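Position 85 of the sequence shown, counting from 1, maps to 88 under this note's numbering, and the rest follow consecutively. The C-beta atom is built at its ideal place from N, Cα and C for all residues, glycine as well. Treat the numbers as computed from the prediction; the structure is a model and nothing was measured. Okay, so here's the structure we're looking at.
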Amino acid sequence: MALGFNLDEVLEMAIRIEENGGAFYRKAAGLQSDTENRRFFEKLAAMEDGHKATFTEMRNTLTDTEKGGTVFDPQDEVSLYLSAMADTQGGEGSPSVADSLTGNETMEEVLNTAIGLEKESVLFYLGLKDMVPQKYGRERIDHIIREEQSHVAQLTSLLGKIKSG
4 MALGFNLDEV LEMAIRIEEN GGAFYRKAAG LQSDTENRRF FEKLAAMEDG HKATFTEMRN
64 TLTDTEKGGT VFDPQDEVSL YLSAMADTQG GEGSPSVADS LTGNETMEEV LNTAIGLEKE
124 SVLFYLGLKD MVPQKYGRER IDHIIREEQS HVAQLTSLLG KIKSG
C-alpha cells in the first residue's frame, strides 16, 4: 500500500513527536538529583513544547489544499497509521525512549542519546518529505526539518559546554 501524505498529516505527526520528545526530557529532569541538571532538562522539555506550538500554529494556518486528502480514507486509517509512525519512528518521537531512562545515565549520556534521537528525526522527516505531493505542502516540511536540525545544533552546543567544564 503506497500512501501519500498532506502537510496537515505530517504536522499531526510532528506534534505527536514533539509531545513524546517533551516526555523524554521531563522524565530525564525527574530523574536528576542535581537541581541545575533538572532545570536543564526542564528547559529542553520547554523547547520541545515550543516546537509543538510552532507546528500547531503552522497547522492552524494551512490552506484547504494543504489539508486535502491524498487517498480515500472513510475509516480514518491514515490518522491511525500516522500515530503509529510517530510513536515508532525511532527518534525522539518514540515513547519507549523516555521509558528507557533509568536515572543512572550521566548528563553526557542523556545528551548523546538526545542528539542521536534528533538526528533520526531529521532523517525521518527527510524521508517523509518525499511522500508528500508538491501541491499538498511538501516545501513547508523544510520548516520542520530546520526546527529538528536546530535541536541537534543546540544540544551539540550544550554537550560541548558540559565536556569543556
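Between F58 and E21, is the Cβ-Cβ spacing less than 8 angstroms? Here residue 58 refers to the residue found at position 55 of the sequence shown. Here residue 21 refers to the residue found at position 18 of the sequence shown. It is a contact, given that the beta carbons lie within the stated cut-off.
Round the Cβ separation of G33 and K55 to the nearest angstrom and send it over; I've been treating them as touching at under 8 angstroms. In the sequence shown, residue 33 corresponds to position 30, counting from 1. In the sequence shown, residue 55 corresponds to position 52, counting from 1. The pair is not a contact, with the Cβ atoms about 19 angstroms apart (cut-off 8 angstroms).
At least 3 beta-carbon pairs within less than 8 angstroms: the segment 133 to 148 vs the segment 36 to 49: no
So, for A48: in the same chain, excluding its five sequence neighbours on each side, which residues have a beta-carbon less than 6 angstroms away from its beta-carbon? Start at 1 with the first residue of the sequence shown, and residue 48 comes out as number 45. Same-chain partners within the cutoff: G25, Y28, R29.
Do N1 and G130 have their C-beta atoms within less than 8 angstroms of each other? No information on residue 1 is available, as it lies outside the stretch 4 to 168 that the chain covers here.
In three-state terms, what does DSSP make of T66? If you number the sequence shown from 1, residue 66 lands on position 63. Coil, per DSSP.
Output needed for V113: all residues of its chain with C-beta closer than 7 angstroms, excluding positions within five of it in sequence on either side, in chain order. The residue labelled residue 113 in the question sits at position 110 within the sequence shown. Excluding positions up to five away in sequence, the list reads A31.
Which of helix, strand or coil DSSP assigns to E108: Translated into the one-based positions of the sequence shown, residue 108 becomes position 105. Reduced to three states, the DSSP call for E108 is coil.
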